[in-house]
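A quick write-up on the structure given underneath.
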Amino acid sequence: MLTPPRTVVRRDGGLYALERALQRRGFRHVAGADEAGRGACAGPLVAAAAVLPEGRRGEIDELADSKLLTPAARERVYDEVVARALAYAVVVIPADEVDARGLHVCNLAAMRRALASLTTRPEYVLTDGFGVDGLDVPGLAVWKGDRVAACVAAASVLAKVTRDRIMVELDERYPGYGFAEHKGYITPEHSAALRERGPCREHRFSYVNVATVSGRDGRPPRSRRPAAGSPEEALFGVTEEAFTDGPDEPMERSGAPGGTVGVALGEQPRPPAPVGEDVVMEGGVR
116 MLTPPRTVVR RDGGLYALER ALQRRGFRHV AGADEAGRGA CAGPLVAAAA
166 VLPEGRRGEI DELADSKLLT PAARERVYDE VVARALAYAV VVIPADEVDA
216 RGLHVCNLAA MRRALASLTT RPEYVLTDGF GVDGLDVPGL AVWKGDRVAA
266 CVAAASVLAK VTRDRIMVEL DERYPGYGFA EHKGYITPEH SAALRERGPC
316 REHRFSYVNV ATVSGRDGRP PRSRRPAAGS PEEALFGVTE EAFTDGPDEP
366 MERSGAPGGT VGVALGEQPR PPAPVGEDVV MEGGVR
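For what it's worth, the working numbering labels the leading residue of the sequence shown as 116, then goes sequentially.
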């Protein structure tokens, strides 16, 4: 039996080289998946998946790792991905679910749900950093996939823009924390607000810095926040209204053309980053 020749993807082949190589091997629909908010200590975890069309239509100007783009460029690329993608899906996991199930479990589950929600069934899946099991198609976890594969970069932009918009909305609901500026990542300003005001409902209570300022650092990692109106609520420096305002159910958004440094308990924290430095805050390099 003859063995097919190996497919070689050159490092200098550009953002589309990996997908084009897979398409030449017969995998027409290659999906990429990525997340945003893994390192934040407040706000949701957001995962996205996208399938870009073959050929020139799938080549999007300015497309790159979302952390390397300016906010304005991300918005432009987001609109282009939504307009051009054969299919895309976004899954939002709220902070309390991250606390209850654990960050890594939620991360994989969110990417799995996003991929399963695609209206165009992928024939191959590329993910950023982590392999996702439970899929019925072949896949590959790619180190720094959002800088190597276009479909993963597209997913990273969808996830990042969606999450940033949510954090701006949360800034209006929970003023004083600066969510619109630092997007829930730990910065000196965010840390100062946590010490002064205590955490709000949108903080992740299983993270060391939040658990410490809330007085729950000695409790198990999955300790839940107190119920609204309970005597323990006074520990958190927030009102009953803050705990009861708004739904906490996960949201899903999907469509087709015409759809830091916060750390979990037991992990080692990294140095805080300046406000607005998305690359540093999400673990990237300038």
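For every residue, glycine included, the Cβ atom is placed at its ideal position computed from N, Cα and C. Since the model is a prediction, treat every value here as computed from it, not as a measurement.
At which residues does the alpha helix (DSSP H) containing glutamate 134 begin and terminate?
In the sequence shown, the residue the question calls residue 134 occupies position 19. Segment 132-139, the alpha helix (DSSP H) holding glutamate 134.
When the Cα atoms are used, what is the spatial distance from alanine 202 to alanine 155?
On the sequence shown, position 87 is the one that residue 202 refers to. On the sequence shown, position 40 is the one that residue 155 refers to. Going from the Cα of alanine 202 to the Cα of alanine 155 covers about 28 Å.
Looking only at its chain, what residues have a beta carbon closer than 6 Å to the beta carbon of glutamate 367, apart from the 5 residues adjacent to it on each side?
Counted from its first residue, the sequence shown places residue 367 at position 252. Because glutamate 367 carries a pLDDT of 38, less than 50, the predicted location of this residue cannot be relied on, and the following value inherits that uncertainty. The answer, listed in chain order, is Val206.
Would you call the CB atoms of glycine 291 and alanine 308 closer than 9 Å?
Counting from one through the sequence shown, the residue named residue 291 turns up at place 176. Counting from one through the sequence shown, the residue named residue 308 turns up at place 193. Yes, Cβ-Cβ distance for glycine 291 and alanine 308 is below 9 Å.
Does the Cβ of alanine 187 have 16 or more other Cβ atoms within 10 Å, making it buried, or fewer, making it exposed?
Walking along the sequence shown from the start, residue 187 turns up at place 72. Alanine 187 counts as exposed, since fewer than 16 other C-beta atoms from the protein chains shown sit within 10 angstroms of its C-beta.
In or out: aspartate 251 buried (at least 16 other Cβ within 10 Å) or exposed?
By one-based count along the sequence shown, residue 251 stands at place 136. Aspartate 251 should be labelled exposed.
For valine 220, count neighbouring Cβ atoms within 10 angstroms of its own Cβ and tell me buried if that reaches 16, exposed if not.
Locating residue 220 in the sequence shown gives position 105, counting from the first residue. So valine 220 ends up on the exposed side.
Out of Ala269, Asp214, Glu195, which has the shortest C-alpha to C-alpha gap to valine 145?
On the sequence shown, residue 145 is found 30 positions in, with the first residue counted as 1. Closest in C-alpha terms to valine 145, from the list Ala269, Asp214, Glu195, comes Ala269.
Beta-carbon gap between arginine 262 and aspartate 180 smaller than 9 Å:
Counting from one through the sequence shown, the residue named residue 262 turns up at place 147. Counting from one through the sequence shown, the residue named residue 180 turns up at place 65. It is a contact, given that the beta carbons lie within the stated cut-off.
Check whether the region 241-248 touches the region 188-200, taking contact to mean three or more Cβ pairs, one atom from each stretch, closer than 8 Å.
No, they do not touch.
Check this for me: beta carbons of isoleucine 281 and proline 168, under 9 Å apart or not?
Within the sequence shown, the letter at position 166 stands for residue 281. Within the sequence shown, the letter at position 53 stands for residue 168. At the C-beta level, isoleucine 281 and proline 168 stay beyond 9 Å of one another.
Which of the three DSSP states is assigned to aspartate 289 in this structure?
Position 174 of the sequence shown, counting from 1, holds the residue named residue 289. Checking the sequence shown, residue 289 turns out to be tyrosine, not aspartate. The answer is coil: DSSP assigns tyrosine 289 none of H, G, I, E or B.
Tell me whether tyrosine 300 sits in a helix, a strand or coil according to DSSP, three-state version.
Translated into positions along the sequence shown, residue 300 becomes position 185. For tyrosine 300, the three-state secondary structure derived from DSSP is coil.
Residue environment, glycine 173, which counts as buried when at least 16 other CB atoms sit within 10 Å
Position 58 of the sequence shown, counted from the first residue, corresponds to residue 173. So glycine 173 counts as buried.
Could you give the first and the last residue of the continuous beta strand (DSSP E) run that contains tyrosine 239?
Position 124 of the sequence shown holds residue 239. Start and end: 239-243.
Given a cut-off of 9 Å on the beta-carbon distance, is the pair proline 237 and alanine 164 in contact?
Numbered from its first residue, the sequence shown carries residue 237 at position 122. Numbered from its first residue, the sequence shown carries residue 164 at position 49. Yes, they are a contact pair.
Note down the Cα distance separating alanine 151 from leucine 230, rounded to an integer number of angstroms.
One-based indexing of the sequence shown puts residue 151 at position 36. One-based indexing of the sequence shown puts residue 230 at position 115. Note on geometry: alpha-carbon atoms of alanine 151 and leucine 230 lie some 15 Å from one another.
With DSSP collapsed to three states, give me the class of glycine 129.
Counting from one through the sequence shown, the residue named residue 129 turns up at place 14. Residue state, collapsed to three classes: coil.
Sorted by chain position, which residues of the same chain lie with C-beta nearer than 6 Å to valine 267's C-beta, five sequence neighbours on each side aside?
The residue you call residue 267 lines up with position 152 of the sequence shown. Apart from sequence neighbours up to five positions away, the residues of its chain that approach valine 267 with a beta-carbon distance below 6 Å are Gly147, Asp149, Leu241, Asp243, Gly260, Asp261, ordered along the chain.
According to DSSP, is aspartate 248 helix, strand or coil?
Along the sequence shown, one-based indexing puts residue 248 at 133. DSSP places aspartate 248 in coil when its eight states are reduced to three.
Between which two residues does the alpha helix (DSSP H) carrying aspartate 194 extend?
In the sequence shown, counting from the first residue as 1, residue 194 sits at position 79. Start and end: 186-199.
Would you kindly work out how many angstroms separate the C-alpha atoms of leucine 133 and glutamate 311, rounded to a whole number?
Along the sequence shown, one-based indexing puts residue 133 at 18. Along the sequence shown, one-based indexing puts residue 311 at 196. Straight-line spacing of the CA atoms in leucine 133 and glutamate 311 works out to 48 Å.
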